[in-house]
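Colleague:
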Amino acid sequence: MTGSHFPDLPVRRSFARTLADHGFSLRRARTEILQLNLGKLCNLTCVHCHVNAGPKRKEIITRETIDRILTWLADTEIHTVDLTGGAPEMIPDFRYLLEGLRRIPQIETVIDRCNLTILLEPGHEDTAEFLAAHRIKIVASMPCYEPANVNAQRGEGVFDGSIAGLQLLNRLGYGRRDDLILDLVYNPNGGFLPPDQAELEAEYKRELKEHFDIDFHQLFTITNMPIARFSSWLKRSGKLEDYMETLLEAFNPSSVEGLMCRNTLSIGWEGEVFDCDFNQQLGMQWKNGNPLFLWDIDPGQVVNRPIAVGDHCFGCTAGHGSSCGGALA
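Okay, so the sequence shown: first residue is 1169 according to this note's numbering, each after it adds one.
1) Can you tell me the Cα-Cα spacing of residue 1458 and residue 1464, whole angstroms?
2) Once DSSP output is grouped into helix, strand and coil, what is the label at residue 1413?
3) Could you please give me the residues that DSSP links to residue 1305 through a beta bridge?
4) So, helix, strand or coil for residue 1400, using DSSP?
5) Output needed for residue 1254: all residues of its chain with C-beta closer than 6 Å, excluding positions within five of it in sequence on either side, in chain order.
6) From 1279, 1486, 1284, 1276, pick the residue whose C-alpha is nearest to that of residue 1145; which is it?
7) Once the 5 residues before and after residue 1490 are set aside, which same chain residues still bring their CB inside 6 Å of it?
8) For residue 1327, name the three-state secondary structure that DSSP assigns.
9) Label residue 1443 either buried or exposed according to how many other C-beta atoms from any shown protein chain fall within 10 Å of its C-beta, with 16 as the threshold for buried.
10) With which residues is residue 1440 paired in a DSSP beta bridge?
11) Does DSSP classify residue 1372 as helix, strand or coil?
12) Return the first residue and the last residue of the alpha helix (DSSP H) that residue 1447 is part of.
13) May I have the straight-line CA-CA distance separating residue 1426 from residue 1496, to the nearest angstrom?
14) Pop quiz: residue 1305 and residue 1349 are said to be a contact at Cβ under 8 Å. What is the actual Cβ separation, rounded to whole angstroms?
15) I'd like the ranges of any beta strand (DSSP E) spanning at least 3 consecutive residues and lying wholly in the stretch 1219-1280.
16) Quick one: residues in its chain with C-beta nearer than 7 Å to the C-beta of residue 1285, no 5 flanking neighbours on either side, listed in chain order?
17) Rounded to the nearest angstrom, how far is the Cβ of residue 1195 from that of residue 1467, given a contact under 8 Å?
18) Report the rounded CA-to-CA distance for residue 1415 versus residue 1179, giving the unit in angstroms.
19) Can you say whether residue 1422 is buried or exposed, counting buried as having 16 or more other CB atoms within 10 angstroms of its CB?
20) So, are the CB atoms of residue 1338 and residue 1309 less than 8 Å apart?
21) In whole angstroms, what is the alpha-carbon distance linking residue 1261 and residue 1188?
22) Assuming contact is defined by CB atoms lying nearer than 8 Å, are residue 1445 and residue 1252 in contact in what I supplied?
23) Output yes or no for whether 8 Å exceeds the beta carbon distance between residue 1300 and residue 1343.
24) Based on the DSSP output, what are the partners of residue 1345 in its beta bridges?
25) Roughly how many angstroms lie between the CA atoms of residue 1441 and residue 1232, to the nearest whole one?
26) Work out the CA separation of residue 1364 and residue 1171 for me, nearest whole Å.
27) Go through its chain and collect everything with a Cβ distance to residue 1295's Cβ below 8 Å, but skip five positions before and after it.
28) Express the C-alpha separation of residue 1388 and residue 1394 in angstroms, rounding to a whole number.
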């Protein structure tokens, strides 16, 4: 099953053909994670952002949609809800959603994908305390432990704000207690693959502890996807063809089994259903004659459903593999 809305990427062999050549048929397993994109509103405008999020975006989830999602989740065995954006914390009903999720007994883990700087913005001064009180797992963007690289990717002054945000979370116990998980995310600052995750995690822990007394649990390395804002940057830089060749040549068959599209449902801010967050940004919505929304599907009936793929999927299978939970192989 291939999508019809992925970009015109310069590859000499399609992802679908590559899968077939290696004997793979990419299908869904049991759904364990619901990843919910709350919208495209964000206080930052990052170069690598595959959502094209920013301060002027108007797309945000409504309370009505939140209520429909909560009702659907209550009758499932899904144990993890992963909140992303934009900056999820900027959504007016963000706290309402978290409180609703915490009332569903089978949901063990709620993840907030936080850009750290939002915790210091006016009106969000007590957001970190709210997250801690509800035992929300934080996965925070931190593309480097050096200021120049972070500011180049995410904007001037973002490094200092990120450090302040991490220090605030540490004071609350995040990264230093087992029940307040703080993980960091590394994205390459350019058209290349991430380094070895374990080695980079050791560097991050050493540098952040030595210079800023910052602690965290794990580092996840995530490959930049050749879509949206990052794709535009590659095109302007004349690097898109080289980047796609890098991804294709680094295809790793051992990453396929762990791809997040196999056990994760991606839901848009209006309730639309996708195989992954990247397919969501390309408009590759599930259909059954008509576009499907979360409340249209039976969670028990999606096992073995073919997964929609496109050539952007080379980004998840290159090198050590890539997912929202870091390296795969």
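The C-beta atom is built at its ideal place from N, Cα and C for all residues, glycine as well.
Modeller: Reading it off the structure:
1) 11 Å
2) Here DSSP, grouped into helix, strand and coil, assigns residue 1413 to helix.
3) 1279
4) helix
5) 1207, 1208, 1209, 1210, 1221
6) The structure shown does not extend to residue 1145, since the chain is modelled only from 1169 to 1497, so the question has no answer here.
7) 1390, 1391, 1484
8) helix
9) buried
10) 1461
11) Residue 1372: helix per DSSP, three-state reduction.
12) 1445-1449
13) 6 Å
14) 4 Å
15) 1248-1252
16) Contacts found: 1211, 1212, 1326, 1329, 1330, 1333.
17) Not confirmed; about 15 Å, so no contact.
18) Going by C-alpha positions, residue 1415 is about 10 Å away from residue 1179.
19) exposed
20) No, they are not a contact pair.
21) So the two alpha carbons sit approximately 44 Å from each other.
22) yes
23) No, the Cβ-Cβ distance between residue 1300 and residue 1343 is not below 8 Å.
24) 1348
25) 17 Å
26) Here residue 1171 scores only 44 on pLDDT, less than 50, and its place in the model should not be relied on; the value that follows carries that caveat. Distance between the alpha carbons of residue 1171 and residue 1364 is about 31 Å.
27) 1257, 1286, 1287
28) Whole-angstrom Cα-Cα distance: 19 Å.
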